Structure formats: C-alpha cells, structure tokens
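Chains A and B, in that order, are what the protein sequence lines are. Residue numbers for the first sequence follow our numbering, so the first one is 21 and each next one is one higher. Residue numbers for the second sequence follow our numbering, so the first one is 5 and each next one is one higher. The beta carbon of each residue, even a glycine, is placed where N, CA and C say it ideally should be. All values derive from a computational prediction rather than experimental measurement.
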Amino acid sequence: MKKFIAIFLSALLLFSLAACGEDSGTTTFPNVTEGTTEENTTNAQNENLNAEDIPDNMTSPDGKYEIAFVTDVGSLKDESFNEGTWNGIKLFAAENKLTYKYYQPAGKNQATDEDRYEAMKTAATSGAKVVVCAGFLQKEALLKAAEEFKDVKFIFIDGTVIYEDGDENTSPLENVAAVDFHEEESGYLAGYAAVMNGYTKLGFTGGGGGTNPPCSRFGYGYVQGINDAAKEKNITADVNFSWEYGASFSQSAELQTMLSGWYANGTEVIFCCGGAMCLSAFAAASANDGAVIGVDVDQSKKSDTVVTSALKGISQSAIFILDKVYSDEWDEVSGKLTTLGAEEDAVGLPTENWKLENFSVSDYKKLYEKLKEGEIEVDRDYETGLNDENFENVKLNII
Amino acid sequence: MSFLIQQTIIYTIPLLIVALAGIFAERSGVINLALEGTMIFGAFIGVLFINISQANGWFQKENAQLLLILTMAVSAFFGALFSLLLSFAAVNMKANQTISGTALNMLSPALTLFFISVITNQNVLSMYEGDAASWFMLKRSDFGFEATESLNFFESTFLIRNYLTTYICIAIYIILSVILYRTKFGLRLRSCGENPHASDSLGINVKKMRYIGTTISGALAGMGGFVFSLTTANASATGDVAGFGFLALAVMIFGNWNPISVAGAAFLFGLFKCIAAAYATIDINGDGVFTLAQLGISTNLYRMLPYVITLVVLAFTSKHSRAPKAEGIPYDKSKR
Numbered sequence: 021m022k023k024f025i026a027i028f029l030s031a032l033l034l035f036s037l038a039a040c041g042e043d044s045g046t047t048t049f050p051n052v053t054e055g056t057t058e059e060n061t062t063n064a065q066n067e068n069l070n071a072e073d074i075p076d077n078m079t080s081p082d083g084k085y086e087i088a089f090v091t092d093v094g095s096l097k098d099e100s101f102n103e104g105t106w107n108g109i110k111l112f113a114a115e116n117k118l119t120y121k122y123y124q125p126a127g128k129n130q131a132t133d134e135d136r137y138e139a140m141k142t143a144a145t146s147g148a149k150v151v152v153c154a155g156f157l158q159k160e161a162l163l164k165a166a167e168e169f170k171d172v173k174f175i176f177i178d179g180t181v182i183y184e185d186g187d188e189n190t191s192p193l194e195n196v197a198a199v200d201f202h203e204e205e206s207g208y209l210a211g212y213a214a215v216m217n218g219y220t221k222l223g224f225t226g227g228g229g230g231t232n233p234p235c236s237r238f239g240y241g242y243v244q245g246i247n248d249a250a251k252e253k254n255i256t257a258d259v260n261f262s263w264e265y266g267a268s269f270s271q272s273a274e275l276q277t278m279l280s281g282w283y284a285n286g287t288e289v290i291f292c293c294g295g296a297m298c299l300s301a302f303a304a305a306s307a308n309d310g311a312v313i314g315v316d317v318d319q320s321k322k323s324d325t326v327v328t329s330a331l332k333g334i335s336q337s338a339i340f341i342l343d344k345v346y347s348d349e350w351d352e353v354s355g356k357l358t359t360l361g362a363e364e365d366a367v368g369l370p371t372e373n374w375k376l377e378n379f380s381v382s383d384y385k386k387l388y389e390k391l392k393e394g395e396i397e398v399d400r401d402y403e404t405g406l407n408d409e410n411f412e413n414v415k416l417n418i419i
Numbered sequence: 005m006s007f008l009i010q011q012t013i014i015y016t017i018p019l020l021i022v023a024l025a026g027i028f029a030e031r032s033g034v035i036n037l038a039l040e041g042t043m044i045f046g047a048f049i050g051v052l053f054i055n056i057s058q059a060n061g062w063f064q065k066e067n068a069q070l071l072l073i074l075t076m077a078v079s080a081f082f083g084a085l086f087s088l089l090l091s092f093a094a095v096n097m098k099a100n101q102t103i104s105g106t107a108l109n110m111l112s113p114a115l116t117l118f119f120i121s122v123i124t125n126q127n128v129l130s131m132y133e134g135d136a137a138s139w140f141m142l143k144r145s146d147f148g149f150e151a152t153e154s155l156n157f158f159e160s161t162f163l164i165r166n167y168l169t170t171y172i173c174i175a176i177y178i179i180l181s182v183i184l185y186r187t188k189f190g191l192r193l194r195s196c197g198e199n200p201h202a203s204d205s206l207g208i209n210v211k212k213m214r215y216i217g218t219t220i221s222g223a224l225a226g227m228g229g230f231v232f233s234l235t236t237a238n239a240s241a242t243g244d245v246a247g248f249g250f251l252a253l254a255v256m257i258f259g260n261w262n263p264i265s266v267a268g269a270a271f272l273f274g275l276f277k278c279i280a281a282a283y284a285t286i287d288i289n290g291d292g293v294f295t296l297a298q299l300g301i302s303t304n305l306y307r308m309l310p311y312v313i314t315l316v317v318l319a320f321t322s323k324h325s326r327a328p329k330a331e332g333i334p335y336d337k338s339k340r
C-alpha cells in the first residue's frame, strides 16, 4: 500500500508539473474551434474562388513549391487560425498559378522550436520562395531559419519584427515581414455593439493570463467600446474582466463555474477570447440563458448562444503580404511590422446571421466607417490602458 | 445558495461515481490506477456516440434525455471493455497492477486524441449540433412549470438546471453500495480483496470475482468520464479529464474505501472546488452581498483550498485508514 501511495503521489506530482509546463509554454494564439474564413470582408480576390474547393495537396511538376506554410501548434484544419491562413495562401496561389505546400512541424501539439525550424528548413530546401509562418510561437525558429536562408522571404503572421541575433539593437532581418492586427478595433466594435443592443452587464474572459498581446488587445478594445457606447446612452455598464483559468487556452470546469456565477448574478453577455475556452463559455451561457461574443472567426455556427463575433482577417493578411511579395513591393513590408485593422477591412463583426436586435447592420456599418476614417480612435496600449479610472461609464471589476 | 449547490453537484458527481469505481476494483483486490484513462476513453466514446446519433438524425431534441441515458450505457460498456485490458494484465498475467494501470493511463489519451484527429482533423470532438445544456439540461418545461412561475428552493435547486445523469449516478451509487456491503455477492467480492486464499478455499472463484470487480469499475469510470465531459466541457472530448481520475483515487483513500465516507469526501472536495472557482459571485444568505469576495483574500488562496483541506483532513484521518489487505497482490494459488 505504501508503494502504491508513493507511486500515486509521484504521478500526481508529475501531472501538476506537466500542467505548469503547459501553462508557460502556451503563449499561443487563440485557436478557436469553429468557424469558416470570413466572407464579409471585401477582398476582390476571393469572390469567385472558394478556398474549400482548392486541394490542400498539389503536385508540382518540378518538385519545387514556391509558397510554403508552416503551422505552429495544432493541426492545419483547426477551423481557425491555421486554416484561415492556409485558405488565404491557397486562394492567392490558385489565383496566380503558383505552387504551394504546407509543413506541419513534427510533434504537432508539443512541437518545439527545433521541430518548427526543421519544418522551415525543409520548406526552404524544397524550393520555397516565400515561407508563411503562422503564430507567435514561431519566433525562435524563425530567427534561426531566416538568418540561414537569406534568399527566402518569411512572413510572420501575428508576429513581431525579427532582429539579427534576436538582439533589438541590431538591424531587423530584411527577409522577414511581420503582420499583426488591430484586435482592439475588433474588440471595440463588439463592445460598442453589445451595449448599443441593450446589454448593461457584460463580461470578458481571456486566455493567456493577460500576457498574450492579441487577447489583451481584444479585451482592452472591448472595454473602450463599452465605455463609449455607455457614454452615448448615458448609462454605466458593469464589466467583469478576468484572465483566470485561461492560461492554457483550454476549457475547464473551474472556468465554467466562474462564468456560470457571473451569469447567475446578472451578467448578460460574455466576450470569450481564448481558443477552446469558448466551450466553457458556451456551456455556462446555455445553462443560464446568457449570450456569448465569439472571437477571431464567426462562431455563431458553433453555438446558439453566440450573438456576434469579434473577427480578425487572418486569410486577408496572408493575401495582403503575398501580394506585396509578387508585385515587387516587398520593401514596403520587409523588416517591419505591418498592422492590419479596419482601414484594410481586416477586423470587424460578421454581418451575416446578424442577431443583435437593437443595433442593426446599418448602424454597424456607420460605426465601421467612422472607425475606418479615423473619427474613432481606439487605444492599443493595453499595458497602461486597462485601469479603472480611464473609464467613466464602466464599472470595471477585474477578477 | 442554489447556485452553490448546483455547481457543487457538477464537481461531486463524477468524483463520486469514479471513486466508487475505485472501490469496486480495490475491494476485489485489483488496484485500478487506470481510472483516469478509463474516464478519458469513456468521455470520448460518449461524445462520439452523441455526435454520430445527431449526425444521422437518430434522436431529435425532444428525445434528448433518452439519448443521454443510452449514451451513459454506451460509455459504461466501452469503459468496461477498456478495463478488460487491465483485468487481463493484472489477473491472468499477474502483472504489476500499478504499472499496467499507468500504461493504460498513457495509452488512453494518446489513443483518443489519435481517433479525434482522424475523425475531426483537429484536437477536440464536440457535439454535432447544439450545446450540452440546451439539449440535456432539465428545464422548467420538462416539469411543466410556466416560465414566470416562481419556484420554491427545492424545485429551483434540485429539479431545474440539473442533469438527469446526476440522479442516475446517485441511484447507481446507492444500489451498488448496498450490493457491495449487504449481499452475499458483495461479501464474496470483498473477501477476494482481503484474503483471496481463504476465499478460494471456500470455493469462490477469485479470478472471476476480480474480473467482475474490475469490469464494474471500468463501467463506472467510463460513465463518470462521460458525465464529466457532459457537465463541465459542453459535451466535448479533448483526451483530458483534468486529473479527475486521480482526484477520485484521492477521494477514495480519503473516504477510507467506504461508500458513505467517500460520498462525504467527494462532496467536501466538490464544494471547495466550487468555492475556489466562483467565490466572487457566491451569495451565501441571499442578501446580495458577496461575502467571500469582500474578505479581500487572494484568489490563489481560494484555489489552494480544496487541496489544502484534503491534506489536512488526510493528515488527521489517515491513521485509521485501512486499505483492502490483498489489493495490488496478484493472486497465486501456489503461494500461501
């Protein structure tokens, strides 16, 4: 029996250690489990073609593949981040008759920097001219690969500028273009629309424990949107704001209990920003007749509780940069970070299956125009911005 | 208050039923360390069954409760099937039970994740349509209450917003506990976990009894896994049950292999888990004041609570803890 207890305890220890490791390792991008690539954004290129109809695997006559795609963690068909990027690549490649191929690092969910580097290396040696790398986690691998293969262009989606030797004082690598998004604008639209629709008690639950930049920007923009709308309606909105139980972007009983508690105490809508965390939010909302705001892609197909989703145009971003590559405008994006937002139609809310009753699509379009023309400015600096005193019409309750 | 009770039930029920699974195996003399793995497998099978049924239109939303009961049976069946691997290793091959259990714990998440990615091309399998709560949760209309009718405490706590699984699991728990402690069969099963040689000398087939014990254990754990994914993960399978299988083992030891104490232990653990997650919105006496949140204690302390309480209680009670004597020892006729 003693032996059994000892083994049991060590198993428990092992488990908790594994759990810790996962927490710190997953500063990944939210992998939302449902949704298709956005169809609402106006990109002339994908009007006639449907990404679903383009095969994932193609055979190049000379065995070389010009455009390569490397995933970070998760599978190619995650119906979200990777798939969105991949659809963009396929559309662009089909449009321009280019060869393309995807590379999934070995180890899949547990892929290491080494695995990702190997995938990039394979891509580069298989004749890739452009390697698209999706996800913040690729940074270390990308640094190594980009320094080694100077002739290959790398596109770092949801990334940052890559400097020589990883030292920010040196010059940035000219063969890397980084793209990220104005998530705060998307969050702003969602928050504004929710309050205008009549919600006064709102919630936000995010992944990454407050250290994941995209999630943080979504959250900060959301609160700003709520504040502006509440000011307009001359009311005070209550917002529960939490990073609890989201560190690993996964669903959990604890998260569901916490959110159920919010709903049971009057919260009407919760913006859930963090991959599979949405499963907990859907369950809590469905049990308490609450509503959920989805993230990244239109999640309304996944659950009836989703009233709207804060989108970001992942596939558009891939097309945007690839277009620069092939129209000899690479200099415009090389070695720096391009941030896509409302101006490029890369963020927004899905206008199909509109569910908000008191805030119509035309209201939304008016708001979007204002955002586009810079009439509304959304602050991006979440580190200093999320402070109770900054919001006159929001009672921010950080949990 | 009814919120607190309902959420506690969500944590308690899987722990309860899986701890009972542990009792059955250990009382028959086999350490079932594979509870976690069996739960994962059961959860996967249950969700897969719901998914397939919905996709093929076998069940409509009106018959959701029927589907629920059937799914419980299916996941129990496959849980039992899965545990046969353990029985075979532990009873027939006389392998070390701790190691074979650990092997199954490693096998199960890998196997389920493999199947999930084959089926869905991603790493989560969920329902084909709808949400778990909108399909399976008991609602006002199921009891004929009007939408505006005010309900008394009992009705609003134990009838609406619960899952049928809760009551089925409690019923199973009581029935099986009675069988284990108040019937001839139960006595024979327990004797195999205490002194199998004596049982054998009295004509009890020890191998058969241990097979039965482990199989019941597997069935309960499989069912518990499904209940867990239904009530806490929106009926989705991810190859993970958040360590509830191991927690259930702890609850079983904590409850001294005795159903009544185990039920208490599961409830205590569930209660503190619930307080830890929802302390900020718990209104104990219904006056609109969130007492626990206003104490100003750090969240981390609340999150530690379930584990600290378990440690403390174990420290005081483990002296009297008495495991079945022959558990973990493969039965060998020639040894005496």
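Which residues in chain B sit within 8 angstroms of residue i, going by Cβ to Cβ distance?
| i | result |
| --- | --- |
| serine 306 of chain A | Asp135, Ala136, Ala137, Ser138, Met141 and Asn238 |
| leucine 299 of chain A | Val128, Ser130, Ala237, Asn238 and Ser240 |
| glutamate 264 of chain A | Thr303 |
Shorter than 8 angstroms from the beta carbon of residue i to some beta carbon of chain B?
| i | result |
| --- | --- |
| glycine 457 of chain A | Residue 457 of chain A cannot be examined here, being either before or after the span of chain A that is shown, 21 to 419. |
| tryptophan 106 of chain A | no |
| threonine 48 of chain A | Note that threonine 48 of chain A has pLDDT 34, beneath the 50 cutoff, so the model's placement of it is unreliable and the number below is only indicative. False, the Cβ-Cβ gap to chain B never drops below 8 angstroms. |
| phenylalanine 421 of chain A | Because chain A here runs from 21 to 419, residue 421 of chain A falls outside it and cannot be looked at. |
| phenylalanine 101 of chain A | no |
| alanine 303 of chain A | yes |
| alanine 296 of chain A | yes |
Between residue i and chain A, is there a C-beta pair that is closer than 8 angstroms?
| i | result |
| --- | --- |
| valine 128 of chain B | yes |
| cysteine 173 of chain B | no |
| threonine 303 of chain B | yes |
| phenylalanine 28 of chain B | no |
| arginine 165 of chain B | yes |
| isoleucine 14 of chain B | yes |
| phenylalanine 7 of chain B | yes |
| alanine 94 of chain B | no |
Helix, strand or coil: which one does DSSP assign to residue i?
| i | result |
| --- | --- |
| proline 200 of chain B | helix |
| leucine 129 of chain B | strand |
| lysine 211 of chain B | helix |
| methionine 141 of chain B | strand |
| tyrosine 123 of chain A | strand |
| phenylalanine 81 of chain B | helix |
| lysine 251 of chain A | helix |
| valine 181 of chain A | coil |
| tyrosine 167 of chain B | strand |
| valine 199 of chain A | strand |
| glutamine 11 of chain B | helix |
| phenylalanine 269 of chain A | coil |
| asparagine 417 of chain A | strand |
| lysine 164 of chain A | helix |
| threonine 218 of chain B | helix |
| leucine 35 of chain B | Rather than leucine, the amino acid found at residue 35 of chain B in this sequence is isoleucine. In the structure shown, isoleucine 35 of chain B sits in coil (DSSP, three-state: anything other than H, G, I, E or B). |
| proline 50 of chain A | Since pLDDT at proline 50 of chain A reaches only 35, below the 50 mark, its modelled position is unreliable, and no value is offered. |
Between residue i and the ligand SAM, is there a pair consisting of the residue's CB and a ligand heavy atom that are separated by less than 7 angstroms?
| i | result |
| --- | --- |
| threonine 145 of chain A | As far as ligands go, the structure on display features none, and thus does not contain the ligand SAM. |
Starting from the beta carbon of residue i, find every residue of chain A whose beta carbon is closer than 7 angstroms, and list them in chain order.
| i | result |
| --- | --- |
| glutamine 11 of chain B | Thr277 and Ser280 |
Strictly below 7 angstroms CB to CB, what residues from chain B border residue i?
| i | result |
| --- | --- |
| isoleucine 419 of chain A | Ala284 |
**OP:** Identify every run of the alpha helix (DSSP H) within the region 248-325 of chain B, keeping only runs that are complete inside it and at least 4 residues long; order them along the chain.
**Re:** Runs of the alpha helix (DSSP H) inside the region 248-325 of chain B: 248-258, 263-282, 295-298 and 303-321.
Discussion item. Short of 8 angstroms Cβ to Cβ, which residues in the region 263-291 of chain B face chain A?
Written reply: Correct list: Lys277, Cys278, Ala280, Ala281, Ala282, Ala284, Thr285, Ile286 and Asp287.
Chain-ordered residues of the region 30-53 of chain B with a beta carbon less than 8 angstroms from chain A:
Flagged, chain order: Ile35 and Leu37.
| field | Under 7 angstroms (Cβ pairs) to chain B, residues found in the region 132-161 of chain A | value | Taking 7 angstroms as the upper bound on Cβ-Cβ separation, chain B lies near no residue of the region 132-161 of chain A.
### Query
What are the residues of the region 305-335 of chain A that lie near chain B, defined by any Cβ-Cβ distance shorter than 7 angstroms?
Within the region 305-335 of chain A, the residues whose Cβ lies closer than 7 angstroms to some Cβ of chain B are Ser306, Ala307, Ser323, Asp324 and Thr325, listed in chain order.
- Can you give me, in chain order, the residues of the region 269-288 of chain A that have a beta carbon less than 8 angstroms from any beta carbon in chain B? Those would be Ser270, Gln271, Ser272, Ala273, Glu274, Leu275, Gln276, Thr277, Met278, Ser280, Gly281, Trp282, Ala284 and Asn285, in chain order.
### Task
Scan the region 65-76 of chain B for residues whose Cβ lies nearer than 8 angstroms to a Cβ of chain A and list them as they occur along the chain.
Listed in chain order, the positions of the region 65-76 of chain B with a beta carbon within less than 8 angstroms of a beta carbon of chain A would be empty, since no residue qualifies.
**Study point:** Uninterrupted beta strand (DSSP E) stretches inside the region 289-326 of chain A (no shorter than 3 residues)
**Key:** Counting only runs of 3 or more, we get 289-293 and 311-316.
task: For the region 245-258 of chain B, enumerate the residues whose C-beta is nearer than 7 angstroms to any C-beta of chain A, in chain order.
output: Closer than 7 angstroms at the C-beta level to chain A, one finds these residues of the region 245-258 of chain B: Ala246, Gly247, Phe250 and Leu253.
Length-filtered (4 minimum) alpha helix (DSSP H) runs lying within the region 191-245 of chain A: The qualifying runs are 203-216.
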